[in-house]
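Quick notes on the structure that follows.
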Amino acid sequence: MPDPAPIIVVKDISKTFDIPGRPPVHALRHVTNHVDKGEVLVVIGPSGSGKSTFLRALNGLQPVDSGSIVIDGVELTDPKTDLNRLRQGVGMVFQHFNLFQHKTALENITMPQMVVLKRPQGEAEEIGNRLLKRVGIGDKGGSYPSELSGGQQQRVAIARSLAMTPKVMLFDEATSALDPETVGGVLELMKDLAADGTTMVVVTHEMGFAREAADRVTFMDEGAIIEEGIPESIFDNPQHDRTKLFLSQII
Amino acid sequence: MDWILDFYNFRVVAQYIPDFARGLGSTAWISLLALVISLSVGTVVAIMRMSANQLLWRPAAAYVQAIRSTPLLIQIYVIYFTLPALPLLGRRLDELEGGIIALGLNAGAYMSEIIRAGIESISRGQVEGAQSVGMTYLQRMRYVVLPQAIARVAPTLLGQTAVLIKDSSLVSFIGVFELFGAGLLVYNERLMPNEGYLTVAACYLAIYAVMLSLTGYAQRRLGGTAG
Numbered sequence: 001m002p003d004p005a006p007i008i009v010v011k012d013i014s015k016t017f018d019i020p021g022r023p024p025v026h027a028l029r030h031v032t033n034h035v036d037k038g039e040v041l042v043v044i045g046p047s048g049s050g051k052s053t054f055l056r057a058l059n060g061l062q063p064v065d066s067g068s069i070v071i072d073g074v075e076l077t078d079p080k081t082d083l084n085r086l087r088q089g090v091g092m093v094f095q096h097f098n099l100f101q102h103k104t105a106l107e108n109i110t111m112p113q114m115v116v117l118k119r120p121q122g123e124a125e126e127i128g129n130r131l132l133k134r135v136g137i138g139d140k141g142g143s144y145p146s147e148l149s150g151g152q153q154q155r156v157a158i159a160r161s162l163a164m165t166p167k168v169m170l171f172d173e174a175t176s177a178l179d180p181e182t183v184g185g186v187l188e189l190m191k192d193l194a195a196d197g198t199t200m201v202v203v204t205h206e207m208g209f210a211r212e213a214a215d216r217v218t219f220m221d222e223g224a225i226i227e228e229g230i231p232e233s234i235f236d237n238p239q240h241d242r243t244k245l246f247l248s249q250i251i
Numbered sequence: 001m002d003w004i005l006d007f008y009n010f011r012v013v014a015q016y017i018p019d020f021a022r023g024l025g026s027t028a029w030i031s032l033l034a035l036v037i038s039l040s041v042g043t044v045v046a047i048m049r050m051s052a053n054q055l056l057w058r059p060a061a062a063y064v065q066a067i068r069s070t071p072l073l074i075q076i077y078v079i080y081f082t083l084p085a086l087p088l089l090g091r092r093l094d095e096l097e098g099g100i101i102a103l104g105l106n107a108g109a110y111m112s113e114i115i116r117a118g119i120e121s122i123s124r125g126q127v128e129g130a131q132s133v134g135m136t137y138l139q140r141m142r143y144v145v146l147p148q149a150i151a152r153v154a155p156t157l158l159g160q161t162a163v164l165i166k167d168s169s170l171v172s173f174i175g176v177f178e179l180f181g182a183g184l185l186v187y188n189e190r191l192m193p194n195e196g197y198l199t200v201a202a203c204y205l206a207i208y209a210v211m212l213s214l215t216g217y218a219q220r221r222l223g224g225t226a227g
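If you're matching them up, the sequences are chains A and B in order. Per our numbering, residue 1 is the first one in the first sequence, and the count goes up by one each step. Per our numbering, residue 1 is the first one in the second sequence, and the count goes up by one each step.
See the structure below:
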């Protein structure tokens, strides 16, 4: 059972993108949400619904215009907060992996540990090799990202984040750029992490994953939270017309 | 066979080998030190120019424009003669110091533009990946962006380094003895331009060949297998 202490508290955040010559885009409209320790929150919604903006706000990669975000007691939205320090505790897995292209798989995992956490090389490598095994590619430590498949690269990226022992892991459409045959394996790995009690916020189009792994599902559209609840209620008994429409289109 | 000796008398050249060797060593040293200055200055100026802060990017842009719009020879004279006349330094630069600093600052402007292009070619995703693990701005630059940027523009940096080495001949104008000076010596003492300047040209070519192989090695070390 998830421990009901919120590790992320989001209060009334808004973000508007001003694009010259076009109407402003309200990517987030007064979004309020929270994530408990050990909870898996899955955010779904159509393209442009603001779900990625919401996720990127949670580690400050996307600054918001108003509202507050508190991560494990530290207010991210306070201009005095050291964002780099805060991000050590918030792992993020990207759609396009964003592995360091000039480093091997193992170096991708050890370098941030050594540079940011000042871990000695031996310890970092031990952790790196253990995590590579954990994500199922223990034999690929010496390969460069360009030599790995998309699925393998995403596993390295997950291991790189885990090595920082984050309090919460963010997944930004982690399987959207993968070949169909590698999607399943990465989703299985994410389910494993969820089962291990990792606190996760997952933006995805994989409704099967949401149904199976989520403790709670949030449906967003046009920058606002339309509906949220346990997977069964969202998928089997959606209340809102827009949720029904979205689910009918995607399934 | 006599025409060869008329065209290029290697017996005369052989007599001047110690001078050419001294000139070659001097050119290599001057170029190496100026290269170190230019890459350091170039990196800092490139990062300053990409800053959103006016106090950083404006001086950087002005420096690059000033260097690009004036002849190197004048820059050498300004650094050697004009700067020490200002009460900043408290002493004269000797001609070697002045020459190296002028060459380094000159090449630094061009290097900064190349390095900036390299930094801008690194995708946003690389930076975000580094941000997501909590790396600071300087750590991201040092460990993620610059190694890839410099590996990517290494061939262009090499081209600029070749220009720097050739340009180092201009410091002979403020009295530094280097490779070009050795050629000048042969011409002045023997009135033999071929023996002087062709030999000098061959030496510059040799330096370039060494540079080329070193750059290939450095690129492999820095860039991994990244394309």
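Backbone N, C-alpha and C fix where the C-beta goes; we use that ideal spot for every residue, glycine too. Bear in mind that the values here come from a model prediction, so they are computed numbers and not experimental data.
(message) Between the alpha carbons of Thr-77(A) and Leu-73(B), how many angstroms are there, rounded?
(response) Indexing the first sequence from 1 puts residue 77(A) at position 77. Indexing the second sequence from 1 puts residue 73(B) at position 73. Cα to Cα, the separation comes out at about 54 Å.
(request) Could you tell me whether the Cβ atoms of Phe-94(A) and Asp-192(A) are closer together than 8 Å? (result) Position 94 of the first sequence, counting from 1, holds the residue named residue 94(A). Position 192 of the first sequence, counting from 1, holds the residue named residue 192(A). No, Cβ-Cβ distance for Phe-94(A) and Asp-192(A) is not below 8 Å.
(request) Flag this pair as yes or no: are the beta carbons of Met-50(B) and Arg-116(B) separated by less than 8 Å? (result) Working through the second sequence from its first residue, we reach residue 50(B) at position 50. Working through the second sequence from its first residue, we reach residue 116(B) at position 116. Yes, these two residues count as a Cβ contact at 8 Å.
(request) Hey, could you find the ends of the beta strand (DSSP E) Leu-33(A) is sitting in? (result) Here the question's residue 33(A) lines up with position 33 in the first sequence. The question names Leu, but residue 33(A) in the sequence shown is Asn. Taken as a continuous stretch (DSSP letters only), the beta strand (DSSP E) holding Asn-33(A) covers 25 to 37.
(message) Tell me whether the region 62 to 76 of chain B and the region 106 to 114 of chain B touch, counting them as touching only if at least three CB pairs, one residue from each stretch, are closer than 8 Å.
(response) yes
(message) Assuming contact is defined by CB atoms lying nearer than 8 Å, are Thr-156(B) and Leu-35(B) in contact in what I supplied?
(response) Here residue 156(B) refers to the residue found at position 156 when the second sequence is read from its first residue. Here residue 35(B) refers to the residue found at position 35 when the second sequence is read from its first residue. No.
(request) Determine the DSSP secondary structure at Met-141(B), reduced to helix, strand or coil. (result) To locate residue 141(B), count along the second sequence from 1; it is residue 141. Here Met-141(B) sits in helix by DSSP.
(request) Determine the chain A residues that contact Asn-217(B) at a beta-carbon separation under 8 Å, and present them in chain order. (result) Within the second sequence, residue 217(B) is the residue found at index 217, counting from 1. A quick correction: the sequence has Tyr, not Asn, at residue 217(B). Listed along chain A is no residue with a C-beta nearer than 8 Å to that of Tyr-217(B); the closest approach is about 15 Å.
(message) For Leu-162(A), which residues in the same chain have their Cβ closer than 7 Å to its Cβ, ignoring the five residues on either side in sequence?
(response) Position 162 of the first sequence, counting from 1, holds the residue named residue 162(A). These residues qualify, in order along the chain: Gly-91 and Leu-131.
(request) Quick one: grab the DSSP three-state call for Phe-219(A). (result) By 1-based counting over the first sequence, the position of residue 219(A) is 219. Reduced to three states, the DSSP call for Phe-219(A) is strand.
(request) Have a look at Thr-104(A) and Pro-145(A) and give me their C-alpha separation to the nearest angstrom. (result) In the first sequence, the residue the question calls residue 104(A) occupies position 104. In the first sequence, the residue the question calls residue 145(A) occupies position 145. So the two alpha carbons sit approximately 7 Å from each other.
(message) Against His-96(A), what residues of chain B qualify as contacts under a CB-to-CB distance less than 7 Å, listed in chain order?
(response) As a first step, residue 96(A) must be located in the first sequence, where it is residue number 96. Gly-125, listed in chain order.
(request) Work out the CA separation of Ala-60(B) and Val-44(B) for me, nearest whole Å. (result) Stepping through the second sequence from its first residue, residue 44(B) is reached at position 44. Stepping through the second sequence from its first residue, residue 60(B) is reached at position 60. Rounded to whole angstroms, Val-44(B) to Ala-60(B) spans 9 Å at the Cα level.
(request) Could you check the C-alpha separation between Ala-218(B) and Gly-159(B) for me, to the nearest Å? (result) Walking along the second sequence from the start, residue 218(B) turns up at place 218. Walking along the second sequence from the start, residue 159(B) turns up at place 159. So the two alpha carbons sit approximately 15 Å from each other.
(request) Please say whether Gly-181(B) and Gly-23(B) have beta carbons closer to each other than 8 Å? (result) As a first step, residue 23(B) is located in the second sequence; it is residue number 23 there, counting from the start. As a first step, residue 181(B) is located in the second sequence; it is residue number 181 there, counting from the start. Yes, the pair counts as a contact, with Cβ atoms nearer than the cut-off.
(message) Under DSSP, the alpha helix (DSSP H) around Ser-69(B) begins and ends at which residues?
(response) As a first step, residue 69(B) is located in the second sequence; it is residue number 69 there, counting from the start. Unbroken alpha helix (DSSP H) run through Ser-69(B): 54 to 69.
(request) Could you work out which residues of chain B lie near Gln-88(A), taking near to mean beta carbons separated by less than 8 Å? (result) If you number the first sequence from 1, residue 88(A) lands on position 88. From the beta-carbon of Gln-88(A), the residues of chain B found nearer than 8 Å are Val-133 and Gly-134.
(request) Closer than 9 Å by beta-carbon distance: list the chain A residues that pair up with Val-64(B), in chain order. (result) Mapped onto the second sequence, residue 64(B) falls at position 64. Residues of chain A passing the Cβ test: none, with the nearest at roughly 27 Å.
(message) Along the region 5 to 18 of chain A, where does the CB come closer than 7 Å to a CB of chain B? Name the residues.
(response) none
(message) I'd like to know if Leu-131(A) contacts chain B, where contact means its C-beta is closer than 8 Å to some C-beta of that chain.
(response) Taking the first sequence and counting its residues from 1, one reaches residue 131(A) at position 131. No, its Cβ sits nowhere closer than 8 Å to a Cβ of chain B.
(request) For Leu-178(A), name the three-state secondary structure that DSSP assigns. (result) For the purposes of this step, residue 178(A) is identified with residue 178 of the first sequence, where counting begins at 1. If DSSP states are grouped into helix, strand and coil, Leu-178(A) belongs with coil.
(message) Spatial neighbours of Arg-92(B) within its chain, please: C-beta separation below 6 Å, excluding the five flanking residues on both sides.
(response) In the second sequence, counting from the first residue as 1, residue 92(B) sits at position 92. The answer, listed in chain order, is Pro-84.
(message) Taking 8 Å as the threshold (beta carbon to beta carbon), is Leu-99(A) in contact with chain B?
(response) Mapped onto the first sequence, residue 99(A) falls at position 99. With 8 Å as the cut-off, Leu-99(A) counts as an interface residue toward chain B.
(message) Do Val-9(A) and Thr-258(A) count as a contact pair if the criterion is CB distance below 8 Å?
(response) The question about residue 258(A) has no answer, for chain A in this structure spans 1 to 251.
(message) I'd like to know whether the C-beta atoms of Val-171(B) and Leu-103(B) end up nearer to each other than 8 Å.
(response) The residue you call residue 171(B) lines up with position 171 of the second sequence. The residue you call residue 103(B) lines up with position 103 of the second sequence. By the CB criterion at 8 Å, Val-171(B) and Leu-103(B) fall inside the cutoff.
(message) In this structure, how does DSSP classify Gly-227(B) when only helix, strand and coil are distinguished?
(response) Counting from one through the second sequence, the residue named residue 227(B) turns up at place 227. Note that Gly-227(B) has pLDDT 39, beneath the 50 cutoff, so the model's placement of it is unreliable and the number below is only indicative. Three-state DSSP puts Gly-227(B) in coil, outside helix and strand.
(message) What does the alpha-carbon distance come out to for the pair His-102(A) and Gly-184(A)?
(response) Counting from 1 along the first sequence, the entry for residue 102(A) is found at position 102. Counting from 1 along the first sequence, the entry for residue 184(A) is found at position 184. Straight-line Cα distance between these residues: approximately 28 Å.
(message) I need the DSSP call for Lys-51(A), collapsed to helix, strand or coil.
(response) Working through the first sequence from its first residue, we reach residue 51(A) at position 51. Of the three classes helix, strand and coil, the one that applies to Lys-51(A) here is helix, per DSSP.
(message) Let me make sure I understand the geometry here. Which of Asp-221(A), Ala-174(A) and Asp-196(A) has the alpha-carbon closest to that of His-30(A)?
(response) Reading the first sequence from its first residue, position 30 is the one you call residue 30(A). Here the closest residue by C-alpha is Asp-221(A).
(request) Mind checking the region 170 to 194 of chain A against chain B and listing, in chain order, the residues whose C-beta falls within less than 7 Å of any C-beta there? (result) none
(request) Give every residue of the same chain whose Cβ lies closer than 6 Å to the Cβ of Ala-214(A), excluding the five residues on either side of it in the sequence, and list them in chain order. (result) Against the first sequence, residue 214(A) aligns to sequence position 214. Residues of the same chain with a CB within less than 6 Å of the CB of Ala-214(A), apart from the 5 flanking positions on each side, are Val-40, Val-42 and Pro-231 in chain order.
(request) Would you identify the three-state DSSP class for Val-133(B), choosing helix, strand or coil? (result) Here residue 133(B) is taken as the residue at index 133 of the second sequence, counted from 1. In this structure, Val-133(B) counts as coil in the three-state DSSP scheme.
(message) Does any residue of chain A have a CB that is nearer than 8 Å to the CB of Gly-129(B)?
(response) Sequence index remark: in the second sequence, residue 129(B) carries index 129 (1-based). At least one chain A Cβ lies under 8 Å of Gly-129(B).
(request) Please decide whether Tyr-187(B) counts as near chain A, where near means a Cβ-Cβ distance under 8 Å. (result) The residue labelled residue 187(B) in the question sits at position 187 within the second sequence. Not an interface residue.
(request) Work out the CA separation of Thr-215(B) and Ala-154(B) for me, nearest whole Å. (result) For the purposes of this step, residue 154(B) is taken as residue 154 along the second sequence, with counting starting at 1. For the purposes of this step, residue 215(B) is taken as residue 215 along the second sequence, with counting starting at 1. Approximately 7 Å, taken between the alpha carbons.
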